[in-house]
Each structure stands twice: as structure tokens, then as C-alpha cells.
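Participant: Mind having a look at this structure? Questions to follow.
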Amino acid sequence: MTNAAQLVEIWRGGLLESTHQGHAVICDDSGQIIEAWGNPEHVAYPRSSAKMIQALPLIETGAAAQAGLTSEQLALSCASHSAAHIHTDRVQDWIATMGLDDSAFCCGPQVPGDKDAKFELIRAHEGPCRYHNNCSGKHCGFLTVTRHLGAGPDYVAIDHPLQVSIKQAFEDVTEADSPVWGIDGCSAPNHATTIHAMARAMAHFASAHDRADTRAKAMVTLREAMMTHPELVAGEDRACTHLMRACKGKAAIKGGAEGYYIAILPEQRKGVALKIMDGGTRASECTMAALLVRLGVADADDPLIRRYLNPEIKNFAGLVTGEMKSTAGLAS
């Protein structure tokens with residue numbers, strides 16, 4: 007945690023009870039740092055915050071156009087969804103159009119995050135399928151590219167043509183060589199980079215409408231799909247969806263496991279990346295909400311922002327026992 011900054015505080019009875027430390031960077035369209043907290047050169051896995059980068063080959067290879075993919079499907083290719091029916095029905099339809107079934111997915115079965123979908127499985131005495139995995143939309147995109155390329159079925163192998171193209175895209179848009187890769191929760195490779203490099207990549211997405219090359223067009227298409235369909239990127243009771251709705255079309259936002267978050271701000275041509283070092287999701291959501299307010303794309307008084315920016319902490323009896331807040335000045 008070298009040079010990590012204190013980003014979130016937990017207070018109880020007037021006492022500072024806990025803190026979350028991490029790193030955050032805001033970049034402009036030239037890739038330069040506008041503001042930073044902690045160490046911009048800290049190396050971390052962006053996890054699911056990198057899904058829009060992983061989806062670039064889906065468009066750049068022509069696979070999306072050949073398959074006639076909709077903006078809903080492109081949003082799902084960038085999603086960590088809750089496996090509600092609005093997600094899984096679309097995933098099942100997508101995989102069926104390729105003549106494939108659940109066994110084609112390399113991601114594992116996952117219990118739905120959506121309560122209705124979870125209880126539906128329990129009542130039916132059934133277990134989850136691979137299409138319930140929160141990354142199944144991304145994997146539909148992977149399978150679409152794999153079919154387009156005529157490549158083999160082990161599409162998560164690091165030397166698979168798809169993964170080779172994803173690594174190249176990742177290093178291109180971050181403008182940095184990735185020093186290491188790991189296996190993500192959905193079995194796909196995930197490439198590490200610095201917080202600065204990831205914020206720079208998001209700034210490239212944010213300013214892509216200023217350019218006319220194939221990659222820029224793909225970036226615009228993906229970020230617009232995310233902002234148009236925030237409920238498909240996460241779910242009706244999820245932070246990514248809430249934060250995008252609060253920004254009213256001014257930001258594409260994506261969280262990742264272990265306390266990672268990114269934001270793409272097209273009107274400002276800025277990119278944001280942050281990492282909470284203890285992996286706390288509550289802290290990454292709070293920090294992202296604060297930065298969105300700081301950047302003027304969200305209102306601190308918006309109920310969707312308040313629930314993450316400065317939420318009350320309640321016990322099981324409903325009594326307010328404390329509060330969580332970003333560090334002084336982060337949201338201003």
C-alpha cells in the first residue's frame with residue numbers, strides 16, 4: 007500500500023472507527039494527470055472495470071457487425087450483471103443465435119445476484135447455470151469473436167487469438183506494457199496496469215468522438231451502449247446502474263472486483279480510475295460517487311448519489327449507528 011491515501015472513513019459515536027485507503031487518478035484527453043490521490047503508478051488488476059477494453063475486438067474485428075449485435079448486446083458485453091431475467095433472457099437468446107448452449111461458456115455457474123432470480127432457482131430445486139454468471143454477457147461477446155475468427159473453443163487461453171487481441175488492445179489504450187496477468191473470476195485473463203494508465207485509457211474512451219479511426223468508433227459505440235442501458239451493465243439495485251442514472255448520460259461507469267472502479271466522461275473528455283487497497287466495494291462506490299460530484303457530473307443531493315457518498319450505517323433494529331463518508335474535500 008505504498009503511498010496510499012485515506013479515501014473513506016467510517017464513523018461511529020463520534021469516533022473514527024475504520025478507514026479505507028487507496029489510489030485514484032483523473033486524466034484529461036491527452037492522458038495527463040489532472041488530479042491524483044495516493045500513488046498513480048500503483049499497479050493493480052482492473053478486473054471487470056476493463057470490460058469495455060476487452061470488448062474492443064468484438065467491434066474492431068467486424069464480429070459485432072456480422073452478427074448484427076444491438077446496443078443492448080454490446081452493453082451486456084461490458085456488464086457484470088445480476089442475472090435478472092432482463093440479463094439472462096438476452097444472454098440465452100444471444101448464445102442460441104450462434105447455435106450454442108450453456109456448455110460453450112468457459113465461465114462457471116454462479117448463483118444470481120438478483121434475489122427474484124435466486125429464489126426462483128431455489129423454489130424449482132435447481133442450481134445456477136453458466137449463463138447466470140455475472141460475466142456471461144462478456145463471454146457471449148468472446149464467443150461471437152471466436153466464431154467470427156474461426157478460432158478454437160478454449161477462448162480464455164492466454165494464447166488464444168481472441169486473448170492475444172485483447173492484450174494488444176489493453177496495452178494500446180493504456181499506453182503501457184502490462185507487467186503481469188492473472189485469471190479473473192470468470193476464468194478469462196486479466197491484465198494489470200497502473201492506476202494512471204487505466205485512467206488514461208478511460209480518457210481515450212471519453213475523447214474518442216474527436217477521432218474517426220476504427221478503434222475510436224468502437225470506443226464510442228461501447229461507451230454509448232453502457233450509458234444507454236445502465237440496467238444491463240449491472241442491475242436495478244446496483245451501484246453502477248445507480249451512478250450512471252444519476253449522471254444522466256454524462257458518464258459510463260464500471261466497477262470491478264477488489265475495490266476497482268472507472269468512469270468515462272465524454273463531455274469533459276476525462277477518465278477516472280481508482281483502487282481501494284483492502285478490496286472494499288463500499289469504499290470504491292463511495293469514492294467514485296465523491297469523484298463524480300467533484301467533477302460536476304452528479305449532484306451530491308441526488309438520492310442515488312447520497313446512498314453511496316454519505317450513507318447512514320444502521321444496525322439490525324434500524325437504529326443509525328454511524329456513517330460512511332469520503333475524506334474531507336474529495337467531493338468538493
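In this text, residue positions in the sequence shown follow my numbering: the first is 7, and each later residue adds one.
Yeah, the Cβ is synthetic: ideal placement off N, Cα and C, and Gly gets one too.
For lysine 124 and aspartate 95, what's the separation of their Cα atoms in angstroms?
Facilitator: Spanning the two alpha carbons is a distance of roughly 15 Å.
Participant: Return the CA-CA distance between leucine 168 and glycine 277, expressed in angstroms with no decimal places.
Facilitator: Their Cα atoms are separated by approximately 26 Å.
Participant: Rounded to whole angstroms, how far is the Cβ of leucine 310 from the Cβ of histidine 248, which I believe are closer than 8 Å?
Facilitator: At roughly 4 Å, the Cβ-Cβ gap stays under 8 Å, so leucine 310 and histidine 248 are in contact.
Participant: Buried or exposed for asparagine 4, going by 16 or more other Cβ atoms inside 10 Å?
Facilitator: What the structure shows of the chain is the stretch from 7 to 338, and residue 4 is not part of that stretch, so it cannot be assessed.
Participant: To the nearest angstrom, how far is it from the Cα of cysteine 192 to the Cα of alanine 258?
Facilitator: For cysteine 192 and alanine 258, the distance between alpha carbons rounds to 22 Å.
Participant: Taking 8 Å as the threshold (C-beta atoms), are isoleucine 39 and proline 46 in contact?
Facilitator: A contact, by the Cβ cut-off of 8 Å.
Participant: Would you say methionine 330 and arginine 275 are within 8 Å of each other, going by their C-beta atoms?
Facilitator: Against a cut-off of 8 Å, the Cβ pair of arginine 275 and methionine 330 comes out as no contact.
Participant: Could you tell me whether the segment 207-222 touches the segment 261-271, where touching means 3 or more Cβ pairs closer than 8 Å?
Facilitator: The segment 207-222 vs the segment 261-271: in contact.
Participant: Who are alanine 42's beta bridge partners in DSSP?
Facilitator: Val31, per the DSSP bridge assignment.
Participant: Using a Cβ cut-off of 8 Å (strictly closer), state whether alanine 205 contacts chain D.
Facilitator: Note that chain D does not occur in the displayed structure, where there is just one protein chain.
Participant: Can you tell me the Cα-Cα spacing of phenylalanine 111 and threonine 67, whole angstroms?
Facilitator: Looking at the two C-alpha atoms, the distance is approximately 20 Å.
Participant: Terminal residues of the continuous beta strand (DSSP E) containing serine 109?
Facilitator: Counting along the chain, serine 109 falls outside any beta strand (DSSP E), and DSSP gives it neither H nor E.
Participant: Report the three-state DSSP secondary structure of valine 97 (helix, strand or coil).
Facilitator: Note: valine 97 maps to helix in three-state DSSP.
Participant: Reducing DSSP to helix, strand and coil, say where glutamine 79 ends up.
Facilitator: Looking at glutamine 79 - three-state DSSP - the assignment turns out to be helix.
Participant: Check whether the Cβ atoms of valine 151 and alanine 214 lie closer than 8 Å to each other.
Facilitator: Their beta carbons are not under 8 Å apart, which means valine 151 does not touch alanine 214 by this criterion.
Participant: Write down every uninterrupted run of the beta strand (DSSP E) in the segment 220-271 whose length is 3 residues or greater and which is fully enclosed by it, in chain order.
Facilitator: Listed in chain order, they are 258-262 and 266-271.
Participant: At 3 residues or longer, what runs of the beta strand (DSSP E) sit wholly inside the segment 159-211?
Facilitator: Entirely contained in the segment 159-211, the beta strand (DSSP E) runs reaching 3 residues are, in chain order, 187-189 and 195-197.
Participant: Would you say the segment 81-100 touches the segment 145-164, given that touching needs at least three Cβ pairs under 8 Å?
Facilitator: Judged by Cβ distances under 8 Å, the segment 81-100 makes contact with the segment 145-164, as three or more pairs qualify.
Participant: Between the alpha carbons of valine 14 and arginine 244, how many angstroms are there, rounded?
Facilitator: The straight-line gap from Cα to Cα measures roughly 20 Å.
Participant: Is DSSP giving glutamate 273 helix, strand or coil here?
Facilitator: Three-state DSSP puts glutamate 273 in coil, outside helix and strand.
Participant: Measuring only the C-alpha atoms, how far is leucine 64 from proline 52?
Facilitator: Spanning the two alpha carbons is a distance of roughly 19 Å.
Participant: Are the CB atoms of threonine 227 and valine 80 within a distance shorter than 8 Å?
Facilitator: The displayed chain sequence assigns leucine, not valine, to residue 80. In contact: leucine 80 and threonine 227 (Cβ atoms closer than 8 Å).
Participant: With distances taken Cα to Cα, identify the nearest neighbour of aspartate 308 among Leu301, Gly19 and Ala295.
Facilitator: The shortest Cα separation from aspartate 308 among Leu301, Gly19 and Ala295 belongs to Ala295.
Participant: Return the chain-ordered list of same chain residues with a C-beta closer than 8 Å to the C-beta of aspartate 34, the five sequence neighbours on each side being excluded.
Facilitator: Once the five neighbours on either side are set aside, the close Cβ partners of aspartate 34 are Ile40, Ala209, Arg275 and Lys276.
Participant: Give me the Cα-Cα distance between alanine 231 and leucine 238, rounded to the nearest whole angstrom.
Facilitator: Answer to the nearest angstrom: the Cα atoms are 10 Å apart.
Participant: Please state whether DSSP places threonine 103 in a helix, a strand or coil.
Facilitator: The answer is helix: DSSP assigns threonine 103 an H, G or I state.
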